[in-house]
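In the numbering used here, the protein residues as written are 335 to 585.
We put the CB at the ideal spot given by N, CA and C, even for glycine.
Here is the structure we will look at, set down as structure tokens.
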Ligand code: NAP
């Protein structure tokens with residue numbers, strides 16, 4: 335039987351692209367997010383072997399019950415992809431503490447909860463894949479996203495430490511570190527720059543493309559390809575890594 339992958343943040347952007355790719359490759363997919371509508375629409379378009387389950391990764395009890403529903407449907411989760419995330423922007427001295435806490439809660443504590451819940455079954459089965467969608471902000475600093483950078487650095491640290499803990503037990507744990515990807519987060523940021531600064535859309539877009547030596551936004555499907563490779567048996571010795579998908583921006 336095909337393996338069971340659970341993807342958080344599956345209703346949009348990178349999580350949706352990953353879910354589509356893994357499903358197309360024959361995996362059984364549990365789609366997790368807070369809003370039911372986008373998950374149900376994606377599941378309807380994927381058809382058989384996909385299952386939408388609502389859950390908030392910051393709520394330990396709620397997300398544990400989402401894993402329970404996933405297990406009832408497709409058995410234990412064998413592949414966990416943590417893509418749920420948020421990215422508030424503000425100069426550090428104006429960064430609201432509530433926004434800081436919320437960012438840590440979703441981007442770090444959410445990954446903590448999902449990894450801890452999923453690992454039990456993976457260790458019992460002596461096989462598992464954990465893939466955390468981190469960011470180039472796990473590898474270097476960026477202005478005006480200090481909370482996001484701190485959270486994504488934490489995700490990479492967690493990834494590396496747990497990878498070493500489970501290295502002999504058939505489970506790999508990796509982080510994927512994309513540069514700017516063409517998703518709603520970036521499109522909203524471009525619209526905000528245009529409305530707040532009066533800059534043209536082309537000008538605002540340049541802000542996001544210039545950090546990529548290839549001079550473009552990355553496609554969500556490119557991130558999905560890397561996830562697919564990390565799930566494969568051929569990637570069994572790749573663990574504790576930060577796989578940058580950034581057109582060479584961190585080279
Ligand atoms: P997105 O389209 O906004 O996707 C984020 C998803 O996370 C949404 O579907 C959202 O659905 C879900 N989510 C948010 N909070 C959640 C919570 N508490 N519990 C469960 N689900 C939650 O953004 P994206 O661009 O695909 O980003 C996905 C991941 O890639 C994030 O971790 C982001 O940091 C990372 N990343 C993005 C970029 C980029 O340029 N786009 C670059 C590097 C890294 P609901 O609102 O329905 O819950």
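Residue i versus residue j - alpha carbon distance
i           : j           : result
residue 390 : residue 423 : 22 angstroms
residue 415 : residue 476 : 25 angstroms
residue 536 : residue 473 : 27 angstroms
residue 373 : residue 401 : 15 angstroms
residue 530 : residue 518 : 18 angstroms
residue 359 : residue 340 : 14 angstroms
residue 398 : residue 425 : 35 angstroms
Coarse secondary structure for residue i, derived from DSSP in three states
i           : result
residue 362 : strand
residue 477 : coil
residue 512 : strand
residue 520 : helix
residue 504 : coil
residue 573 : coil
residue 345 : coil
residue 354 : helix
residue 585 : coil
residue 373 : helix
residue 468 : coil
residue 463 : strand
Own chain partners of residue i with C-beta closer than 7 angstroms, once the 5 adjacent residues on each side are dropped
i           : result
residue 507 : 464, 493, 496, 497, 500, 573 and 574
residue 489 : 441, 442, 445, 466, 468, 472 and 509
Residue interval of the alpha helix (DSSP H) (run including residue i)
i           : result
residue 494 : 480-499
Sequence-distant residues of its chain with Cβ nearer than 8 angstroms to residue i (five each side left out)
i           : result
residue 369 : 345 and 388
residue 582 : 546, 547 and 548
residue 558 : 348, 351, 352, 354, 355 and 356
Chain-order list of residues whose beta-carbon lies under 6 angstroms from that of residue i (same chain, five-residue window excluded)
i           : result
residue 522 : none
residue 550 : 543
residue 455 : 410
Segment limits, beta strand (DSSP E) that includes residue i
i           : result
residue 444 : Careful: residue 444 lies outside any beta strand (DSSP E), inside the alpha helix (DSSP H) at 444-459.
Which whole runs of the alpha helix (DSSP H) in the segment 382-420 are 4 residues long or more, in chain order? 394-408
Runs of beta strand (DSSP E) lying entirely within the segment 528-554, each at least 3 residues, in chain order: none
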